[in-house]
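S.K.: Residue numbers (UniProt numbering): 1 to 269. C-beta atoms are modelled at their ideal positions from N, C-alpha and C, and glycine is treated no differently. The structure presented is a predicted model; accordingly, all values stated were derived computationally and were not measured.
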């Protein structure tokens, strides 16, 4: 009973407000800070959802829609949608959650951050399987282009980030005092690698768009008008992805706190 009571007490301490995370009076925002915050929230939400909608519009109306292994060409269409959903939309919200959820307890922000990453995993797995099966059915080489190798590295780094983050920032909370220095040291590493992984995902998506556009240019079944429209759509996709990367980077690295405000190391992610 004594050990069980101690365990419940530890859980209560973790999920109850902590003085380290309470709002500091010196860290109060002014009007410009709140305007900047709202602008980032609105822009990031519109772009992260909008890029997925634009990709869906492109695939549904100009690439023939979706299918599975019975139609390899349409099966391939699942790849860009699922990868953008996992690596850009869900990962983008996961990266921004520490800047957007200012009124939520820190432990809940961590859980939301992990939820978005966990939701991205099935999208990424299905996106990889769809392109792998499609290439095999069409007798195309796998892991041949720059896009495919960038994607392989991006998936590996994503998995590493998820595993390390889960054990370091959630599991080790059970020994909060003993592991505080370890978690503090890991925060800047985890944050920097996460941002690098996000940019790597954007670079992978852009190279994939370029690769697909080159294939489209050689397709004799397309009319000049459709080819031109697809060119504008894919160009808009690429530009939107780069803008998303810039906004996410600005939001993560930007601090609205004055220089004298108390900033705790576990908040800098």
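#1: Helix, strand or coil: how does DSSP classify residue 182 here?
#2: Can the beta-carbon of residue 202 be found less than 9 Å from the beta-carbon of residue 88?
#3: Starting from residue 32, trace the alpha helix (DSSP H) both ways and give me its first and last residue.
#4: Alpha carbon to alpha carbon, how far is residue 249 from residue 71?
#5: Quick check on the DSSP output: the alpha helix (DSSP H) that includes residue 78 runs from which residue to which?
#6: When burial is assigned at 16 or more other CB atoms within 10 Å of the CB, is residue 272 buried or exposed?
#7: Distance, Cα to Cα, residue 194 vs residue 55?
#8: Tell me which residue opens and which closes the alpha helix (DSSP H) that residue 245 is part of.
#9: Roughly how many angstroms lie between the CA atoms of residue 34 and residue 140, to the nearest whole one?
#10: With respect to the alpha helix (DSSP H) encompassing residue 144, which residues constitute its N-terminal and C-terminal limits?
#11: By Cβ distance below 6 Å, which residues in the same chain neighbour residue 234 in space, the five residues on each side in sequence not counted?
#12: Report yes if the CB atom of residue 247 is closer than 9 Å to the CB atom of residue 43, and no otherwise.
#13: Where does residue 218 fall in DSSP's three states?
#14: Can you give the Cα-Cα distance for residue 251 and residue 142, rounded to whole angstroms?
#15: Between which two residues does the alpha helix (DSSP H) harbouring residue 88 extend?
#16: Could you have a look at residue 123 and say whether DSSP puts it in helix, strand or coil?
#17: Should residue 80 go down as buried or exposed, given a rule of 16 or more other Cβ atoms within 10 Å for buried?
#18: Can you check which of these residues, 49, 144, 57 and 125, is closest to residue 207 by C-alpha distance?
#19: Buried or exposed for residue 83, going by 16 or more other Cβ atoms inside 10 Å?
#20: Could you tell me the alpha carbon to alpha carbon distance between residue 21 and residue 106, rounded to whole angstroms?
M.R.: In short, the structure shows the following:
#1: Helix, per DSSP.
#2: Yes, these two residues count as a Cβ contact at 9 Å.
#3: First-last of the alpha helix (DSSP H) with residue 32: 31 to 62.
#4: Rounded to whole angstroms, residue 249 to residue 71 spans 39 Å at the Cα level.
#5: According to the DSSP assignment, residue 78 belongs to the alpha helix (DSSP H) that extends over 78 to 83.
#6: This structure cannot speak to residue 272, because the chain is shown only from 1 to 269.
#7: Cα to Cα, the separation comes out at about 24 Å.
#8: Residue range 224 to 253 is occupied by the alpha helix (DSSP H) that includes residue 245.
#9: Their backbone Cα atoms lie some 51 Å apart in a straight line.
#10: Taken as a continuous stretch (DSSP letters only), residue 144 belongs to no alpha helix (DSSP H), as it is neither H nor E.
#11: Result list for residue 234: 209 and 213, in chain order.
#12: Yes; because the gap between Cβ atoms is below 9 Å, this pair is in contact.
#13: Residue 218 falls in the coil class under three-state DSSP.
#14: Distance from the CA atom of residue 251 to the CA atom of residue 142, rounded to whole angstroms, is 36 Å.
#15: Counting along the chain, no alpha helix (DSSP H) covers residue 88, and no H or E run does either.
#16: Reduced to three states, the DSSP call for residue 123 is helix.
#17: So residue 80 counts as buried.
#18: Out of 49, 144, 57 and 125, the CA that lies nearest to the CA of residue 207 is found in 144.
#19: With 16 or more Cβ atoms within 10 Å of its Cβ, residue 83 is classed as buried.
#20: Its pLDDT being 42, under 50, residue 21 is placed unreliably by the model, and the measurement read from it follows with that caveat. Taking the straight line from one Cα to the other gives about 7 Å.
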